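Counting in the numbering used here, the sequence shown runs from 56 upward without gaps. Cβ coordinates follow ideal geometry from the N, Cα and C atoms, glycine included. These numbers were taken from a predicted model, which means no experiment stands behind them. Here is the structure we will look at, set down as structure tokens.
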Amino acid sequence: LYAKFQMLSLDYFTHKRGGEMISRITNDARIVENAVSYGSTDLVYQGLQVVIFFTLTLYIYPKFVIFIVPPLAILGYIISTVGKKLRKLSKSSQEKMADANSILYENIIGARIVKGFSMEEYEINKFNKVNNDYYRVSMKSIKRTLLLSPVTEILGCIAGVFVFVLGGREVIAGKISFGVFGLFIGSLLSTIRPFKKLSQVTSLNQQAAAAGERIYEVLDAQPSVVEAPDARELKDFRNNVVFDDVWFSYADNHVLKGVNLDVPRGSMLAVVGPSGNGKTTLLDLIPRFYDPKKGRVMIDGADIKEVKLKSLRRQIGIVTQETILFNDSIRANIAYGRPDAGEEEVKKAALQANAHDFIMRMPRGYETVIGDRGMRISGGERQRIAIARALLKNPPILILDEATSQLDSESERIVQEALDRLIQGRTVFVIAHRLSTVRNADKIVVLDKGVIVEAGTHLQLLEKGGLYKRLYEIQEIQ
Numbered sequence: 056l057y058a059k060f061q062m063l064s065l066d067y068f069t070h071k072r073g074g075e076m077i078s079r080i081t082n083d084a085r086i087v088e089n090a091v092s093y094g095s096t097d098l099v100y101q102g103l104q105v106v107i108f109f110t111l112t113l114y115i116y117p118k119f120v121i122f123i124v125p126p127l128a129i130l131g132y133i134i135s136t137v138g139k140k141l142r143k144l145s146k147s148s149q150e151k152m153a154d155a156n157s158i159l160y161e162n163i164i165g166a167r168i169v170k171g172f173s174m175e176e177y178e179i180n181k182f183n184k185v186n187n188d189y190y191r192v193s194m195k196s197i198k199r200t201l202l203l204s205p206v207t208e209i210l211g212c213i214a215g216v217f218v219f220v221l222g223g224r225e226v227i228a229g230k231i232s233f234g235v236f237g238l239f240i241g242s243l244l245s246t247i248r249p250f251k252k253l254s255q256v257t258s259l260n261q262q263a264a265a266a267g268e269r270i271y272e273v274l275d276a277q278p279s280v281v282e283a284p285d286a287r288e289l290k291d292f293r294n295n296v297v298f299d300d301v302w303f304s305y306a307d308n309h310v311l312k313g314v315n316l317d318v319p320r321g322s323m324l325a326v327v328g329p330s331g332n333g334k335t336t337l338l339d340l341i342p343r344f345y346d347p348k349k350g351r352v353m354i355d356g357a358d359i360k361e362v363k364l365k366s367l368r369r370q371i372g373i374v375t376q377e378t379i380l381f382n383d384s385i386r387a388n389i390a391y392g393r394p395d396a397g398e399e400e401v402k403k404a405a406l407q408a409n410a411h412d413f414i415m416r417m418p419r420g421y422e423t424v425i426g427d428r429g430m431r432i433s434g435g436e437r438q439r440i441a442i443a444r445a446l447l448k449n450p451p452i453l454i455l456d457e458a459t460s461q462l463d464s465e466s467e468r469i470v471q472e473a474l475d476r477l478i479q480g481r482t483v484f485v486i487a488h489r490l491s492t493v494r495n496a497d498k499i500v501v502l503d504k505g506v507i508v509e510a511g512t513h514l515q516l517l518e519k520g521g522l523y524k525r526l527y528e529i530q531e532i533q
């Protein structure tokens, strides 16, 4: 299941809650595991006992079986009906558990905001509501599960009364011996316990069936970005990256409309414009996080849909405004794209990223564990580690998505120095919030409502007096 998550495309994760996906790997998988470990064993063992004792009962005195079959048929109907209801309740219970996991997950990663806005009580109430919903659904499921055991016993008693009355008459009339009758009763009573066990197995299996549905929703999901069967290796980048009449939409919302670009090797392209106008989406098409709905993205004349994903992404480095680090050592985070990198290579990348000095001040240097999402270090330090990671990977194509937008002036200066080293000799795509950081770009394109409305150098765009100039002047005033 975890391996399947790794194979799915990025759009799958943008439409799912983190807690829900965690719940499928932990809670749902555990329920199925229990059913396989215990339920399947009991199903075979107890089922075999029922068949053996029922066959023995039928062999001893077939006439009595007519008093056993009706209660068994009723019991089977009840188990089937309750089982279907249990399946629905189990699925609902698992969905409520996923809701609770999602709230817990969001609360953990958003702890700073929760405390900053004094929303602890609100979050407690929100969690309690979902938890109470889970409790109510779970209790309904438990009540129906517990109902099966007494029903089995009652129906067994009813069948037993009829058999005792009829059997007593048969013994008195001399039609069967007391020994045969006793053997029949013993066989009949021996079927009751496995029947009770089978009713419990039914409950367990229905829970597993509901969990299995949720698991197979993931296993059956197909990635939207698929490598072609005849995909070839992308050779070392040499010439240019081209967007040829590229269109993209989320559902019916067109984010990009007929984008055409030709970015030569070694140049810097800056993409600017108002928020929510497709800048990040445009650059996400280069490593094939998404595929365009229409048009092509080409590298050195090759449609990237026709090359192997690993060979494509191996040539691309990404530094974003939301720096993703892992709960591991600084060394492991820098070497994330190059786990085979040596100590000197890691140190060299850190030096170029202006990260070596602060790393050496850490308690264990490069072996210091920086916590979940790197929260034990500052934003500027996280960004420098991300830059060191990109430097170590040494990709010919680099994507910078507002890499300094969330930093203070001093941190931005240090990070910008590191970025200047990073971009040397590479083909760079930059999304910039602060337009002053892209003055030296070889070309700037302005995206507005998914369309390139302006293109040129910084000075050319200022002279045009269009949207770029208005955005620039607003920032200058601020």
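- request: Compute the Euclidean distance between the alpha carbons of residue 238 and residue 220, then round it to the nearest angstrom.
  value: Taking the first residue of the sequence shown as position 1, residue 238 is located at position 183. Taking the first residue of the sequence shown as position 1, residue 220 is located at position 165. Rounded to the nearest angstrom, the gap between the Cα atoms of residue 238 and residue 220 is 16 Å.
message: I need the DSSP call for residue 488, collapsed to helix, strand or coil.
response: By 1-based counting over the sequence shown, the position of residue 488 is 433. Coil, per DSSP.
field: Stretch pair the region 183 to 196 + the region 101 to 114: three plus CB contacts closer than 8 Å
entry: Segments in contact, no.
- prompt: Start and end of the beta strand (DSSP E) containing residue 105?
  reply: For the purposes of this step, residue 105 is identified with residue 50 of the sequence shown, where counting begins at 1. Residue 105 -> not in any beta strand (DSSP E); alpha helix (DSSP H) instead, spanning 95 to 115.
task: With distances taken Cα to Cα, identify the nearest neighbour of residue 479 among 457, 442 and 514.
output: The residue you call residue 479 lines up with position 424 of the sequence shown. Residue 442 is the option with its Cα nearest to residue 479.
task: Can you give me the Cβ contacts of residue 253 inside the same chain, cut-off strictly under 6 Å, excluding the 5 residues immediately before and after it?
output: For this step, residue 253 is matched to residue 198 along the sequence shown. Cβ within range, chain order: 101.
message: So residue 86 and residue 276 are supposed to be a Cβ contact under 8 Å. How far apart are they, rounded?
response: To locate residue 86, count along the sequence shown from 1; it is residue 31. To locate residue 276, count along the sequence shown from 1; it is residue 221. Taking the Cβ atoms as the reference, residue 86 lies roughly 20 Å from residue 276, outside the contact range of under 8 Å.
- prompt: At what residue ranges does the region 357 to 439 contain a whole run of the beta strand (DSSP E), taking only runs of 3 or more?
  reply: If we require 3 residues or more, the beta strand (DSSP E) runs fully inside the region 357 to 439 come out as 371 to 375.
query: In the DSSP assignment, what are the bridge partners of residue 319?
result: Looking up residue 319 in the sequence shown gives position 264. Partner(s): 295.
query: Would residue 279 be called buried (16 or more neighbouring beta carbons within 10 Å of its own) or exposed?
result: Position 224 of the sequence shown holds residue 279. Burial check for residue 279: the Cβ neighbour count within 10 Å stays below 16, so the residue is exposed.
field: Neighbourhood of residue 288 by C-beta, 8 Å cutoff - its chain only, sequence neighbours within 5 removed
entry: Residue numbering aside, residue 288 sits at position 233 when the sequence shown is read from its first letter. Correct list, in chain order: 362, 363 and 366.
message: Can you give me the C-alpha to C-alpha distance between residue 375 and residue 439, rounded to a whole angstrom?
response: Here residue 375 refers to the residue found at position 320 of the sequence shown. Here residue 439 refers to the residue found at position 384 of the sequence shown. So the alpha carbons of these two residues sit roughly 11 Å apart.
message: Quick check on DSSP: helix, strand or coil for residue 314?
response: Counting from 1 along the sequence shown, the entry for residue 314 is found at position 259. Collapsing the DSSP output to three states places residue 314 in a strand.
message: Measuring only the C-alpha atoms, how far is residue 384 from residue 423?
response: In the sequence shown, counting from the first residue as 1, residue 384 sits at position 329. In the sequence shown, counting from the first residue as 1, residue 423 sits at position 368. One C-alpha to the other measures close to 5 Å.
task: Go through its chain and collect everything with a Cβ distance to residue 534's Cβ below 7 Å, but skip five positions before and after it.
output: For residue 534 there is no data in the structure shown, the boundaries of the chain being 56 and 533.
query: Do the CB positions of residue 522 and residue 493 come within less than 8 Å of each other?
result: For the purposes of this step, residue 522 is taken as the residue at position 467 of the sequence shown. For the purposes of this step, residue 493 is taken as the residue at position 438 of the sequence shown. No. Outside cutoff.
- prompt: What's the call for residue 187, buried or exposed, on a 16-neighbour Cβ count within 10 Å?
  reply: As a position in the sequence shown, residue 187 is number 132, starting the count at 1. With fewer than 16 Cβ atoms within 10 Å of its Cβ, residue 187 is classed as exposed.
message: Let me make sure I understand the geometry here. Which of 208, 223, 285 and 271 has the alpha-carbon closest to that of residue 250?
response: By 1-based counting over the sequence shown, the position of residue 250 is 195. Nearest C-alpha to residue 250: 208.
task: With residue 138 as the anchor, note down where its alpha helix (DSSP H) starts and where it stops.
output: Counting from 1 along the sequence shown, the entry for residue 138 is found at position 83. Element bounds for residue 138: 124 to 164.
The region 137 to 149 touching the region 257 to 271, judged by at least three CB pairs closer than 8 Å: The region 257 to 271 and the region 137 to 149 touch, with three or more beta-carbon pairs separated by less than 8 Å.
- request: Assign residue 296 to one of two classes, buried (16 or more other C-beta atoms within 10 Å of its C-beta) or exposed (fewer than that).
  value: What you label residue 296 is simply residue 241 of the sequence shown in a count that begins at 1. Its Cβ being crowded by 16 or more others within 10 Å, residue 296 is buried.
Cα-Cα separation, residue 351 to residue 301: As a working mapping, residue 351 is identified with position 296 in the sequence shown. As a working mapping, residue 301 is identified with position 246 in the sequence shown. Here the alpha carbon of residue 351 sits roughly 6 Å from the alpha carbon of residue 301.
Span separating the alpha-carbon of residue 175 from that of residue 495: For the purposes of this step, residue 175 is identified with residue 120 of the sequence shown, where counting begins at 1. For the purposes of this step, residue 495 is identified with residue 440 of the sequence shown, where counting begins at 1. Rounded to whole angstroms, residue 175 to residue 495 spans 46 Å at the Cα level.
query: In the structure shown, what three-state DSSP assignment does residue 271 receive?
result: Along the sequence shown, read from residue 1 onward, the residue named residue 271 stands at position 216. Three-state DSSP puts residue 271 in a helix.
query: Taking just the CA atoms, how far does residue 151 sit from residue 59?
result: Residue 59 sits at position 4 when you count from the first residue of the sequence shown. Residue 151 sits at position 96 when you count from the first residue of the sequence shown. Going from the Cα of residue 59 to the Cα of residue 151 covers about 23 Å.
task: Could you tell me how far apart the beta carbons of residue 484 and residue 326 are, in whole angstroms, since I believe they sit closer than 8 Å?
output: For the purposes of this step, residue 484 is taken as residue 429 along the sequence shown, with counting starting at 1. For the purposes of this step, residue 326 is taken as residue 271 along the sequence shown, with counting starting at 1. Contact flag correct, Cβ pair sits at about 7 Å.
query: From residue 89 to residue 268, what does the alpha carbon distance come to, in whole angstroms?
result: Counted from its first residue, the sequence shown places residue 89 at position 34. Counted from its first residue, the sequence shown places residue 268 at position 213. Cα to Cα, residue 89 sits roughly 16 Å from residue 268.
query: So, are the CB atoms of residue 447 and residue 477 less than 8 Å apart?
result: As a position in the sequence shown, residue 447 is number 392, starting the count at 1. As a position in the sequence shown, residue 477 is number 422, starting the count at 1. One thing to note: residue 447 has its Cβ no nearer than 8 Å to the Cβ of residue 477.
message: Would residue 453 and residue 489 be called neighbours here (beta carbons separated by less than 8 Å)?
response: Sequence index remark: in the sequence shown, residue 453 carries index 398 (1-based). Sequence index remark: in the sequence shown, residue 489 carries index 434 (1-based). Taking the C-beta atoms as reference points, residue 489 is found no nearer than 8 Å to residue 453.
message: Tell me the residue span of the alpha helix (DSSP H) that contains residue 229.
response: As a position in the sequence shown, residue 229 is number 174, starting the count at 1. Bounds of any alpha helix (DSSP H) do not take in residue 229, whose DSSP letter is neither H nor E.
- prompt: When we look at the beta-carbon of residue 244 and count the other beta-carbons within 10 Å, is it buried (16 or more) or exposed?
  reply: Working through the sequence shown from its first residue, we reach residue 244 at position 189. By the 10 Å Cβ count, residue 244 comes out exposed.
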